[in-house]
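Residue numbers (mature numbering (1 follows the signal peptide of the UniProt record, and there is no 0)): -19 to -1, 1 to 449.
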Amino acid sequence: MKACYIFHFLIFLFATALANSPIRGLDPSLSNQYVNIDEKFKCLDGSKVIPFDRINDNYCDCADGSDEPGTSACPNAKFYCENYGHEPKILSSTFVDDGICDCCDGSDEPATFCPNSCMNVKKARKAELIEQLRVKEQSLAVRATYASDISERRRGAEALLKNIDSQIASEQATVTALEKAVKDAEAETDRAKSDSSKSGAGDDAHNGEETHEQRAERVAMQWEKKKTTEESEDLEEEVARAHDRLDEARSRLEHLEHLKAESLALVSQNSSSSDSLSPSDSSSPSVHDFGPDGVFAYFLDKCFSMAHGSWGYEMCWFGAATQSDRSGGFSVKIGHWSGFATSPASPIPSLGSKGDDNGNQDPHAHAHAQHVHVNYSEVVFDEGDFCHPINGKRSLRMTLVCGSENRVTHVEEPSTCQYTARMETPAACTAEDAEEIRRAIREIEELEAKFETDAAAAAAAARERGQI
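Written as structure tokens, this is what we have:
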């Protein structure tokens, strides 16, 4: 109870001091320009000199509004909220004395009109930051599991690459052999069909009476035709089985080649991940950039979906993005993986480039040193299906934000066939984000400690004066 009394008493003392301060609403950083010299005040824009007592007289004398920081007389003036116990705030002076408490210390309204809620606001903000920090730390823990998963996958990739080439060569030999077997079987089937056609050519040659010899010959030819037909059918079945075996072998070969490409990408990511890449590196289709620490390798072969209205969207990392009609109609590719967004970085002059006699650099001397900055918070899918002559092909830019789980939260089409999306993911979280929140919490705690110290000092001074 006593602590509560001291708190409110301190607020009362501060409000009293504020009310008795020379210039209401004045930003302390400008106080040296509001010194009363010869009872004159010069407008901050230098346009006019007025009597000092005209400051805050509720009449706008200066064109820049600098003579009315504490009233609403000048529409372009600024009001400074001290907000003791929270954070200072700058308001448009049009909000001063309008009956609405805009400053948490109530200084923008007449004395006692607004309660001082700054400490409550600060406590609420602190609670909000603590919750944000909890989510950030949880997300960073998930991100760490991604790194562990990637390390394990990389070790597996290194082991796989040791004998993948021999497996591919073996499977390729199988495919080649099966292709020859299919070709031979098809040729044999064609030959059998041709023989069957020839054997039946004389079936209708005898329209009248036939001799015993002719009848025997006809029966023999019919039997041979039946035998040839059965052989042809057996051969066709064999061709079908050969095609099935070939398709299976090709599928295995394709799978092995995909595993090799993915494994090569995993084991080589360290050399391709950099905040500054040369244009040739960043555009290479054979190398994926998985981020500075390789965390985005976690998304290899992973897709994320979202429904928006009558449309469904699917974004496959290192693959393609698709828009489809949810009623089961058509679908279109809105882009193929291009990589992370880039922007030109400052050119890096070549070492040893001396320039001409006047010290001017040859513009071609360091052209090869031009780099790009990689923005790992945005991914690009481009070269999608054709849209129309003006916008050309479809494309998508997806922003990555820190979140506790992987999910696409937003998709829209701000201009025809040009899409934007937002994805929350632990992979986008950084230790710097968490530290920034911790720093904000520390600042609040320091302010709380200062407030308590000031409260104790004010209470002690009040006791000495006999006010408590």
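Positions of the beta carbon are idealized from the N, C-alpha and C atoms, including for glycine.
Give the DSSP-derived three-state secondary structure of residue i in the structure shown.
i, result
"Leu381", "strand"
"Ile71", "strand"
"Ile36", "coil"
"Thr93", "coil"
"Val220", "helix"
"Phe299", "coil"
"Ser129", "helix"
"Ile81", "coil"
"Ser286", "strand"
"Tyr15", "coil"
"Glu146", "With the sequence shown as reference, residue 146 is identified as Asp, and Glu is not the correct amino acid for it. DSSP places Asp146 in helix when its eight states are reduced to three."
"Lys23", "strand"
"Ile4", "coil"
"Ser88", "coil"
"Ser263", "For Ser263, the predicted model reports a pLDDT of 40, less than 50, meaning its position is unreliable and no value from the coordinates is stated."
"residue 453", "Beyond the ends of the chain as shown, which are -19 and 449, falls residue 453; an answer cannot be given."
"Lys374", "strand"
"Asp48", "coil"
"Ser232", "helix"
"Ser305", "strand"
Please work out which residues of its chain come closer than 6 Å, Cβ to Cβ, to residue i, disregarding the five sequence neighbours upstream and downstream, and give them in chain order.
i, result
"Arg106", "none"
"Ala438", "none"
"Phe280", "Trp298"
"Lys59", "Ile71"
"Ala301", "Lys314, His317"
"Lys241", "Ile145"
"Arg233", "Glu152"
What's the C-alpha gap between residue i and residue j?
i, j, result
"Arg115", "Glu417", "13 Å"
"Ser264", "Thr303", "For Ser264, the predicted structure reports a pLDDT of 39, less than 50, and the residue's modelled location is therefore unreliable. A value from the coordinates is still provided. Going from the Cα of Ser264 to the Cα of Thr303 covers about 22 Å."
"Asp88", "Ser120", "In the sequence as presented, Asp is not what sits at residue 88; that position holds Ser. About 41 Å."
"Ala442", "Gln113", "39 Å"
"Ser308", "Tyr294", "13 Å"
"Ser312", "Asp306", "6 Å"
"Phe76", "Lys117", "37 Å"
"Thr406", "Lys161", "50 Å"
"Leu141", "Met296", "28 Å"
"Asp38", "Thr380", "51 Å"
"Asp146", "Asp414", "44 Å"
"Asp78", "Cys85", "14 Å"
"Ala278", "His269", "9 Å"
"Ser74", "Cys41", "12 Å"
"Val16", "Ala92", "25 Å"
"Val360", "Glu394", "16 Å"
"His236", "Ile149", "10 Å"
"Asp165", "Lys143", "35 Å"
"Asp8", "Ile36", "14 Å"
"Asp34", "Glu20", "7 Å"
"Val156", "Cys368", "39 Å"
"Leu110", "Ser151", "59 Å"
"Leu11", "Thr52", "17 Å"
By Cβ distance, which residues of its chain are closer than 8 Å to residue i, with the 5 residues on each side in sequence left out?
i, result
"Leu159", "Ala223, Arg226, Leu227, Ala230"
"Val276", "Arg124, Tyr127, Ala128, Ile131, Ala408"
"Cys43", "Cys24, Leu25, Asp26, Ser28, Lys29, Ile31, Glu49, Cys55"
"Val356", "With the sequence shown as reference, residue 356 is identified as Asn, and Val is not the correct amino acid for it. Excluding residues within five positions, the ones whose Cβ falls inside 8 Å are Phe321, Ala322, Thr323, Ser324."
"Cys99", "Asn64, Tyr65, Gly66, His67, Cys85, Asp86"
"Ile371", "Thr397"
Ignore the nearest five residues each way along the sequence and tell me which others in residue i's own chain have a CB closer than 7 Å to its CB.
i, result
"Pro69", "Tyr61, Cys62, Glu63"
"Asn57", "Asp45, Gly46"
"Asp83", "Leu72, Phe76, Asp89"
"Ile18", "none"
"Val392", "Met287, His289, Tyr294, Tyr400, Ala402"
What are the start and end residues of the alpha helix (DSSP H) that includes residue i?
i, result
"Lys431", "412 to 445"
At what residues does the beta strand (DSSP E) containing residue i begin and finish?
i, result
"Phe362", "353 to 363"
"Arg388", "388 to 396"
"Tyr61", "59 to 62"
"Thr323", "312 to 325"
"His405", "It should be noted that the sequence gives Glu, not His, for residue 405. Run containing Glu405: 399 to 406, per the beta strand (DSSP E) assignment."
"Cys368", "367 to 369"
Check the Cβ-Cβ distances between residue i and every residue of chain B, and say whether any is below 7 Å.
i, result
"Ser291", "Here there is only one protein chain, and chain B is not present."
Given the structure, does residue i come close to the ligand HEM, in the sense that its CB is under 6 Å from one of the ligand's heavy atoms?
i, result
"Met296", "Ligands are entirely absent from the displayed structure, and the ligand HEM is therefore not among its contents."
- Message: Does the segment 286 to 300 come into contact with the segment 384 to 391, if we say contact requires no fewer than three beta-carbon pairs (one atom in each stretch) closer than 8 Å?
- Response: yes
- Query: Would the segment 307 to 318 and the segment 357 to 372 be scored as touching if the rule is three or more Cβ pairs under 8 Å?
  - Reply: yes
- Message: Quick check: the segment 391 to 399 against the segment 423 to 432, are at least 3 beta-carbon pairs closer than 8 Å?
- Response: no
- Message: Under 8 Å, with one C-beta from each stretch per pair, do the segment 372 to 385 and the segment 405 to 417 reach the 3-pair mark?
- Response: yes
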